[in-house]
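Undergrad: Under my numbering, the letters of the sequence shown match residues 947 to 1178, in that order. Here a beta-carbon is modelled for each residue, glycine too, at the ideal position from N, C-alpha and C. One structure is given below, represented as structure tokens, and several questions about it will come after.
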Amino acid sequence: MNSGRVKVGIVGLDDMLGGGLIPESICAVIGTYGTGKTTFSLEFVWDGLKKEEKVIYISLEERQERIVEYMRLKGWDVTPYLNTALFVIKLDPTDFNLANNRIKNELPRLIEQVGATRVVIDPISLFEDLFTTDSERRQEMFHFIEGLRDKKCTIMMTSETDKDNVFSSRHGLIEYLSDTVILLRYVRPSDLTDVHLALEVVKMRMSAHSREIKPYEIQQDQVLVYSEANVF
Ligand SMILES: Nc1ncnc2c1ncn2[C@@H]1O[C@H](COP(=O)(O)OP(=O)(O)O)[C@@H](O)[C@H]1O
Ligand SMILES: [Mg+2]
947 MNSGRVKVGI VGLDDMLGGG LIPESICAVI GTYGTGKTTF SLEFVWDGLK
997 KEEKVIYISL EERQERIVEY MRLKGWDVTP YLNTALFVIK LDPTDFNLAN
1047 NRIKNELPRL IEQVGATRVV IDPISLFEDL FTTDSERRQE MFHFIEGLRD
1097 KKCTIMMTSE TDKDNVFSSR HGLIEYLSDT VILLRYVRPS DLTDVHLALE
1147 VVKMRMSAHS REIKPYEIQQ DQVLVYSEAN VF
């Protein structure tokens, strides 16, 4: 059942996905700050590097040094991979023209040039924020993501949640444009003693997947999904 899937690299999550992501599909990881979106995307990067794949990491938040350092803390030395197998692009989320040009023109070219099989955009919501109107955002995002579909790579985009709805991405768009949607959130039991993290696979086109909500924990060196446990 696992054959032919692109693993995220988080064991319990890959199980919930029926073995991993569908090759060349687009996955959205949606969650509020601190739920582990960047961590999940770095697991996906490392899994690819281990398999000698080429990976592009578009970062709208963290600088390359921070990403490398964060991975080093996890026990992964990515320095030998930099600019040979791992290509990090830091986009300035305040400069619309530059970010828009790099993501729309440079990214598709770079994917082909380096033969990238995995691409991360973390977080796409900061890019989406740059559009001035909803209709422009919808149209541009649609074209951008459809353009990426022609590429031979599996894409993971992360997004902050909407401020009023933890089940929706900030602009409510990428969940429709993605093939797979993974939702990360905090769960506060009624006794308010503790805060837990829980994830669910909300959507996965063309595949069976688990619909259960599973607790997970971010540890120093790994993400643990407790696929045997129940949150509720
Ligand atoms: N080395 C670590 N050990 C344990 N927990 C960590 C470690 N690094 C990060 N975390 C946890 O992960 C959270 C941040 O995850 P991150 O992937 O940056 O979230 P997001 O991108 O969704 O904001 C932190 O708030 C912390 O709780
Ligand atoms: Mg982050």
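1) Determine contact between the region 1151-1168 and the region 999-1011, defined as no fewer than three beta-carbon pairs at a distance below 8 angstroms.
2) Locate the alpha helix (DSSP H) running through proline 1054, then write down its first and last residues.
3) Span of the alpha helix (DSSP H) holding arginine 1131?
4) Thinking C-alpha only, which one of Tyr979, Lys1109 and Leu967 is nearest valine 1065?
5) So which residues put a beta carbon under 5 angstroms from any heavy atom of ligand 1, going in chain order?
6) Is the beta carbon of glutamate 1008 closer than 9 angstroms to that of aspartate 1075?
7) For glutamate 989 and glycine 955, which I take to be in contact (beta-carbon distance under 8 angstroms), what is that distance rounded to the nearest angstrom?
8) Less than 8 angstroms between C-beta atoms, sequence neighbours within five positions excluded: which residues of the same chain meet that for glutamate 1163?
9) Let me know the alpha helix (DSSP H) ranges lying completely inside the region 953-1002, each 4 residues or longer, listed in chain order.
10) Is glutamate 970 near ligand 2, in the sense that its beta carbon is under 8 angstroms from a heavy atom of that ligand?
11) Say yes only if the C-beta of proline 1069 is nearer than 8 angstroms to one or more non-hydrogen atoms of ligand 2, and no if none qualify.
12) Can you tell me which of the three DSSP states alanine 1045 falls into?
13) Decide yes or no for the touch test of the region 1112-1129 against the region 968-976: beta carbon pairs closer than 8 angstroms, at least 3 of them.
14) Just to check my reading of the structure: valine 1014 and threonine 1025 have Cβ atoms closer than 8 angstroms, yes? What is that Cβ distance to the nearest angstrom?
15) Mind checking which residues open and close the beta strand (DSSP E) that includes glycine 1177?
16) Could you work out which residue in Ile1057, Ala1154 and Val952 is closest to threonine 1095 when comparing CA atoms only?
17) So does threonine 1139 have its beta carbon nearer than 8 angstroms to some heavy atom of ligand 2?
18) Considering only heavy atoms of ligand 2, does any lie closer than 8 angstroms to the CB of threonine 1104?
19) Quick one: what does DSSP say tyrosine 1172 is sitting in, helix, strand or coil?
20) Where do the ends of the beta strand (DSSP E) carrying phenylalanine 1033 lie?
21) Quick check on the burial criterion: 16 or more other C-beta atoms within 10 angstroms. Buried or exposed for methionine 1087?
22) As a quick exercise: from Glu1121, Gln1085, Phe1073 and Arg1151, pick the residue whose alpha carbon is nearest that of aspartate 1041.
23) Compute the Euclidean distance between the alpha carbons of leucine 1129 and leucine 1119, then round it to the nearest angstrom.
24) Would you mind working out which of Trp992, Ser1071 and Asp1038 sits nearest tyrosine 1027, comparing C-alpha positions?
TA: On the basis of the supplied data:
1) Here the region 1151-1168 makes no contact with the region 999-1011; the two share fewer than three CB pairs at distances below 8 angstroms.
2) The continuous alpha helix (DSSP H) containing proline 1054 extends over residues 1053-1060.
3) Run containing arginine 1131: none in the alpha helix (DSSP H); it sits in the beta strand (DSSP E), 1126-1133.
4) Nearest to valine 1065 by C-alpha distance, out of Tyr979, Lys1109 and Leu967, is Leu967.
5) Every residue whose beta carbon comes nearer than 5 angstroms to a heavy atom of ligand 1 appears here in chain order: Tyr979, Gly980, Thr981, Gly982, Lys983, Thr984, Thr985, Ile1164 and Gln1166.
6) For aspartate 1075 and glutamate 1008, no; Cβs fall outside 9 angstroms.
7) Yes, glutamate 989 and glycine 955 are in contact; Cβ-Cβ is about 4 angstroms, under 8 angstroms.
8) Only Leu1143, Val1169, Leu1170 and Tyr1172 meet the Cβ criterion.
9) Runs of the alpha helix (DSSP H) inside the region 953-1002: 957-962 and 983-996.
10) The answer is no for glutamate 970.
11) For proline 1069, the CB falls within less than 8 angstroms of some heavy atom of ligand 2.
12) In the structure shown, alanine 1045 falls within a helical segment according to DSSP collapsed to helix, strand and coil.
13) For the pair of segments examined, the region 1112-1129 was found to touch the region 968-976: the number of CB pairs separated by less than 8 angstroms reaches three.
14) So it is a contact: roughly 7 angstroms between Cβ atoms.
15) Going by the sequence as given, residue 1177 is valine instead of glycine. Neither: valine 1177 is in no beta strand (DSSP E) and is coded neither H nor E.
16) This sequence places arginine at residue 1095; threonine is not what is there. The shortest C-alpha separation from arginine 1095 is found at Ile1057.
17) Threonine 1139 Cβ: outside cutoff for every heavy atom of ligand 2.
18) Yes - ligand 2 has a heavy atom lying nearer than 8 angstroms to the Cβ of threonine 1104.
19) Reduced to three states, the DSSP call for tyrosine 1172 is coil.
20) Per DSSP, phenylalanine 1033 belongs to the beta strand (DSSP E) from 1032-1036.
21) A residue is called buried when at least 16 other Cβ atoms come within 10 angstroms of its Cβ; methionine 1087 meets this threshold and is buried.
22) Checked all of Glu1121, Gln1085, Phe1073 and Arg1151; the closest Cα to aspartate 1041 is Phe1073.
23) Using only the alpha carbons, I get a separation of about 14 angstroms.
24) The option with the nearest alpha carbon to tyrosine 1027 is Trp992.
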